[in-house]
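Q: Below you will find the structure I want to go over with you.
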Amino acid sequence: MYLSDVSIKNFRILRDFRLRLNSGINLIVGENNSGKTALVDALRYALSVNSGEWIRIQDRDFSCGATSFSIQLKFEDITARQAAAFVEHLTHEKIPGTDNRRSVLYINYQAEQTTHLIRGARQIRTELRSGANAEGPPVEREARDFLATTYLRPLRDADAELTGGRGSRLAQILGSSERFGEAAVIENLLTTIVAANAAIVENDGVSATRERVQEQLRRLDFRTKPLSPLISIMGGTDLEQLDATERKQMFRAILERLQLLIDSHERYRGLGYSNLLFMATELLLLEQEQHDFPLLLVEEPEAHLHPQLQMKFLRALREGFGGRNSSLQSILTTHSPNLASKAPLENVIIMAEGKAFSLRKDETRLDAQNYVHLEKFLDVTKSNLFFAKGVIIVEGDGENILLSTFADLLGLPFEDFGVSVINVGSIAFAPFARIFQRVGIDDPENSAEWLGTRVVCLRDLDLWPEPARIAEGNIYGFQEAKAGNRQYWESHYADNAQGRLDWIASRKSLAGQNVRVEVADHWTFEYALARAGLASEVYQALNGNLDGYDELPADPELRAVAIYKDVATRSGAKTKLAYGLSSVLAAKFGPVISPTPENETPEQASARRENDQARTAARRTEFRAALPAYIVRAIDYVTGHEVPLAAA
Amino acid sequence: MPIPAISDADIDTLIEEVNSASTDRALVFDEARRVAIREHHHVHACPGAGKTTLIGFKLVLLARKWRLRHRGLCVLTHTNVAKAEILKRVGTDAAARSLLSYPHFIGTIQDFVHTFLALPACRSKGYLVRQIDDASAAAYMRSRLARRTKALLHSRQINFEVFLKWEREKLTICMPPALNSDEEAKRNAKDVKLRALEDGYFFFSDMYALGRALTSANPSVIDALRYRFPLVLIDEMQDTQRHQDELINHLFGDAAECTLQKIGDPDQAIFDGMAGEPPNETFNAATDLIPIPDSGRFNAIIADKFRGLSTRRIALTGSRPVAANAPFCTFIIYNDDTIGSVLDQFSAIVAGLPEADRRVVKAIGGRAEGGPLSIQSYWQAFDRRQANKGRPADTLCKCVRRAIELQEGPVRVHYQHLSQGLVELLRLGGKTVTGRSGGPVPITRANLRRYFDALEKTSMINALIADMLLRPTLTAAEWAEITETLCHICDIDIGNVAIAEYLAYADYAPELLDEAVLPGNVYLSPRGIPIEVSTIHGVKGETHDATLVLETKFGALFDIKEMLPFLINPALERPVFDPVHATTHASIRASFMKKMYVATTRARQLVCIAMHRGRISEQDRAALTDNRGWRFVDL
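From first to last, the protein sequence lines stand for chains W and C.
Using the numbering used here, the letters of the first sequence map in sequence onto residues 9 to 656.
Using the numbering used here, the letters of the second sequence map in sequence onto residues 12 to 646.
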């Protein structure tokens, strides 16, 4: 039995939410305020939590403007034993293509703000019913307990949870141990404590103190009813005189006094390890209650675990904790690229703006090979694409290093717009781009269901300009023309405009939904920079100065080839350019901040600042004009400065 | 083993508890009863065996030891009365109260089928269940069937009953044979039936068919039920009809993980073959029942007189002490002129009982009315309709009138009648409420309130209902006023014919209150001893202080006369009921025997029998007097 479908209406940010879950791990990733916690809370409300914590619906749980919300959960793969607990609640769903039916379970949690006021607050009525349309009978509390989930809070105070105390989690976990089902085991624990208690009471130090207290009391109380104080751990207890209920109470009291420490040698080990210990005990409890419905809800397991420990935790989940709980379903939310990169891709669910986008095999445009590819190549660095609002996928280091500088100089810093640059180091854009493409809804009519992340693949054109050809009298030529590379030459398309368009279109074939492909205006990234308005800057970055720049040909294409020849042929030149260009551009196009002169009046200061701003704006405009158009379009798009429509 | 083991020590502890808390006769359980508690065999319990006490006791013991959180006990009864009886016993014990809710189930077999099979099946098929009730479903069919179909059904006096049936591994619509030769009428009946299902009107038997079909489409539900209920107890098993019996066996029979304990008295199976249904065989013909032959209800004298009427020859004994100076069991012999004095004569004999021992006195007969000899022959005023007042009204005015006239009974029941009337009215008006899924759903009693909430008329309708419930009279003028207000509140147009009909004024029906008849068919004899007159079926399960059995006639046979040989010689070969030939004399005699056994085993102190002088021979009189201890009184 596992939770297969969730559909939520008007619960906080989740206004119209649907999600199909995996039977094993579900790793929910996404930026803040995307609805991860709302989803986890919705599940907690509907299923209840087996630590018995009190859940109270608040007004803020209703989406803005809504007076009711509903949470529907569907469970599939129900065994007869599990179905037994819910026979009256089952829905018998038709198995497609047959006359047979199978048992599924729908649970509907509904809350409604009534018009009744209680102490100034609107009373909230809640209801839990079964049935596909919530028309089944109310689900009894005991039946609901069967579904109770194990919930691990983020940043939980594991130390407090592991310490003893009334109703402590540890006591619950101990109490549910099967061995305590045997009377003899309980008896043994009770007699141990009673014996210890007796020894404590008779201890010289203790009894001396007790006598002193009694001495003090004697002066205060009445002669007729002398008090007899006791210092002990369990109160005056004669085991023989206790009946079954009192024994049970005593047993529980003992359990509540126990505490769990991670290491018998070192009493304190740091919060992270306490968390791990806490999770281990919770999972133990899950294992003890095998026939019930094991669902583990974990919010931000990375909160206190360093990356290696996160890996270990995830691996343990993947392997079902040694296989004994192979049916364990888990739902984890995370901001950790570490976890995101290690989870199987089809088990990842991206949350964005209150919607979920599962990367299950039948829901994305990824094909089987893409999954294999990404399993290998989607590493920690690339995994931050799951948390981005905008993603630029690039094929080389040059773009990777320079794009964020470009964005800064355009006044659109990527950090401000949640944009990640992902360097795939090759032209294998497809697997990464398709992560963001849903299957079967390419029509712009469905744009509301698209994943909102704006994605651009920034690609080279890879058509060589004629001046680059090695030929008699061409001192700038460095590309050899061969029969086999005819189609790579711009000149090949001189009389075939459609052919060139087709070439570009084939490079853009990946585009669709909110994924765009921007193809270089000319040849490659670096060439395009030089070919556009940044020839001297590229030259300066390569050579350290502008010496000899004036001797270059005046024709923009010829000049660009001349500069690019160095980039393409000199070893290390690309890297040098990438690192050098940033500072050259910053000096020329960076924001103007003039120093504060002495004795400046406030009027003068604001005039100066205005002046600075105007100059900065002018520089931005100038830079925007100098950049290749495709880069400007890409940056405008991912930073949301252009309405995302069906990608061109 | 999921079922907790119960030891004799557990039983003794509970007996002690019960006896110390009660001033009644001390409870004692013999070995036969203890076995029925400790183990889970099928049980044949004689009349007065304390079956309900026994089951209640067993449930309390099991509940106290029950540890499973998601598996429970299932207790099935045949009637709501029996269910209420068990709930009452269980409800008085703190631990046993847990049996009243999840994961346990106590209810009628019909309830069970609804809860676990048919209603989930309806939900899965998208049927919205509005009413499960034969009368409403038949009314639905009647109002929608084509004239021609109706005429065909009418001519054969068939009550518009088009059922779903599980037949040859398929769910089919079972056509009344009257339509057999008429394809068009059959099509019409089928269409209307399908619409009835979509609109949510179901016959009781439809629910069995839907439930049974579900177990074939999804057999895992059977495994789930068996796991859910490791122990299933069935009370009054003798009354289950064959289709119920088959379903129970289909669900729980021969299952390793689930134990089925059937408890009942096959000798009292007077309901099992009713309504043309074949009787159950797995219990009533079973040979492996463990008997509880000792009755705590009556004394050894009564037990001995009637043991010849036990079809299954249980060795009936009575453990109630014989009271000193108690009147003798007597035959009251009348002739055509003195039949009207039988009840008075009986009251004269009953007067011999101490006053504390004649509180419940009844005169009962097999046939209520009609034919040459029925209860009405002894007492003209006997009104069978008094017994069943449950038919739904066909106009709202009758609903209201019923609520006004039902002087007794909880307000809740009156309120339910009225709400049902409102639901019907809104349905006729084509009204819906917004369902949980956002779409319109038909109005039911459960969502009625939402309809008025949405119109913001809740307080107005409540005021009107209160007015209807509390008013002492209802005149045509008042009714006109009420309907006007009602249409306004409900947003209903009275111009609609169906609505106008439903809202028509219904006059006061005076024949219901006849001054000669006390409420509930009670005859007040000149001696002031009230005698309740009833059919035998009506007193099933009851305990009386004294019972008078009135001879009646079915077909060619008089029931008492046919049973005389068995009263004279208890060892006689028993007549056998043949379900295929239910009207042969042997079959009729077999059913007489069960009815007479039920009739004669009600009384604690005294059983008298009334029969015509012309139907008993001198020889039989002598045998009954000399050998069997009977007295005779001649009128």
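From the three backbone atoms N, C-alpha and C, an ideal C-beta is built for every residue, glycine too.
#1: Counting only the same chain and skipping the five closest in sequence on each side, list residues whose C-beta sits under 6 angstroms from that of I500 of chain C.
#2: Along chain W, which residues have their Cβ under 9 angstroms away from the Cβ of A235 of chain C?
#3: Is the Cβ-Cβ distance between V353 of chain C and Y345 of chain C less than 7 angstroms?
#4: Per the contact definition of three or more C-beta pairs closer than 8 angstroms, is the stretch 313-324 of chain C in contact with the stretch 602-612 of chain C?
#5: Evaluate contact between the stretch 93-111 of chain W and the stretch 258-269 of chain C, counting only Cβ atoms and requiring at least three cross-stretch pairs below 8 angstroms.
#6: Which residue marks the beginning of the beta strand (DSSP E) containing P541 of chain C, and which one marks its end?
#7: Do F437 of chain W and L509 of chain W have their CB atoms nearer than 7 angstroms?
#8: Please classify I120 of chain C as buried or exposed, where buried requires at least 16 neighbouring CB atoms within 10 angstroms.
#9: Give me the Cα-Cα distance between L561 of chain C and Y426 of chain C, rounded to the nearest whole angstrom.
#10: Can you confirm whether Y219 of chain C, when its beta carbon is compared against all beta carbons of chain W, has any partner nearer than 7 angstroms?
#11: By how many angstroms is the C-alpha of E310 of chain W removed from the C-alpha of E327 of chain W?
#12: Can you list the alpha helix (DSSP H) stretches of 4 or more residues lying completely in the stretch 95-146 of chain C, in chain order?
#13: Between A665 of chain C and the rest of its own chain, which residues show a CB-CB distance below 7 angstroms, the 5 nearest in sequence each way excluded?
#14: Based on Cα-Cα distance, which residue from C:G275, C:I274, C:P290 and C:M574 lies nearest to E584 of chain C?
#15: Nearest chain W C-beta to Y534 of chain C closer than 7 angstroms, yes or no?
#16: Which residues bound the beta strand (DSSP E) around H500 of chain W?
#17: Within 7 angstroms of any Cβ in chain C, is that where the Cβ of N205 of chain W sits?
#18: Nearest-angstrom Cα distance between V402 of chain W and D387 of chain W?
#19: What number of angstroms, rounded off, separates the C-alpha of W641 of chain C from the C-alpha of S385 of chain C?
#20: Tell me where the alpha helix (DSSP H) around D19 of chain C begins and ends.
#21: Could you list the residues in the stretch 110-138 of chain C with a C-beta less than 9 angstroms from some C-beta on chain B, going in chain order?
#22: If you follow the alpha helix (DSSP H) that L501 of chain C is in, where does it begin and where does it stop?
#23: Measure the beta-carbon distance from L647 of chain C to V124 of chain C and round it to whole angstroms, keeping in mind my assumption that it falls under 8 angstroms.
#24: Tell me whether N482 of chain W sits in a helix, a strand or coil according to DSSP, three-state version.
#25: Run through the stretch 262-344 of chain C for me and flag every whole alpha helix (DSSP H) of 4 or more residues, listed as ranges in chain order.
#26: If you follow the beta strand (DSSP E) that H555 of chain C is part of, which residue opens it and which one closes it?
#27: Rounded to whole angstroms, what's the CA-CA distance from G38 of chain W to I358 of chain W? Just pull it up for me.
#28: Using a C-beta to C-beta distance shorter than 8 angstroms, which residues of chain C count as neighbours of D107 of chain W?
#29: Please name the residue, chosen from W:T372, W:E219, W:N392 and W:T122, that lies closest to T342 of chain W on a Cα-to-Cα basis.
#30: Is the stretch 495-502 of chain W in contact with the stretch 430-450 of chain W, if contact means three or more CB pairs nearer than 8 angstroms?
#31: Assign R456 of chain C to one of two classes, buried (16 or more other C-beta atoms within 10 Å of its C-beta) or exposed (fewer than that).
#32: Here's the rule I'm using: 16 or more other beta-carbon atoms within 10 Å means buried, otherwise exposed. How should K99 of chain C be labelled?
#33: So is Y238 of chain C in contact with chain W if we call contact Cβ pairs under 7 angstroms?
#34: Of the choices W:E618, W:S428, W:N619 and W:D558, whose alpha-carbon is the least far from that of A642 of chain W?
#35: Is it buried or exposed for R141 of chain C, if we count other Cβ within 10 angstroms and need 16 for buried?
#36: Nearest by alpha-carbon distance to T406 of chain C: which of C:P230, C:E435 and C:L535 is it?
A: Walking through what the data contain:
#1: K468, M471 and I472
#2: Against chain W, the beta carbon of A235 of chain C has neighbours under 9 angstroms at I86, T87, A88, R89, Q90, A91, A92, A93, F94, V95, L98 and S111, listed in chain order.
#3: yes
#4: yes
#5: no
#6: P541 to T546
#7: no
#8: Taking all protein chains in view, the Cβ of I120 of chain C is crowded by 16 or more other Cβ atoms within 10 Å, so the residue is classified as buried.
#9: 39 angstroms
#10: no
#11: 19 angstroms
#12: 120-124 and 130-136
#13: Here chain C has residues from 12 to 646 only, and residue 665 of chain C is not among them.
#14: C:M574
#15: no
#16: For H500 of chain W, there is no enclosing beta strand (DSSP E), as DSSP gives it neither H nor E.
#17: no
#18: Cα atoms of V402 of chain W and D387 of chain W: separation of roughly 15 angstroms, rounded to the nearest angstrom.
#19: S385 of chain C has its alpha-carbon roughly 24 angstroms from the corresponding atom of W641 of chain C.
#20: D19 to A32
#21: The structure shown contains no chain B; its protein chains are W and C.
#22: The sequence shown places Cys at residue 501 of chain C, not Leu. Where C501 of chain C is concerned, the enclosing alpha helix (DSSP H) stretches over A487 to C501.
#23: Given a span of 12 to 646 for chain C in the structure shown, any question on residue 647 of chain C remains unanswerable.
#24: Secondary structure of N482 of chain W (DSSP, three-state): coil.
#25: 311-317
#26: Under the DSSP assignment, H555 of chain C falls in the beta strand (DSSP E) whose first and last residues are H555 to L561.
#27: 6 angstroms
#28: A228
#29: W:N392
#30: no
#31: exposed
#32: exposed
#33: yes
#34: W:S428
#35: buried
#36: Among C:P230, C:E435 and C:L535, the Cα nearest to that of T406 of chain C belongs to C:E435.
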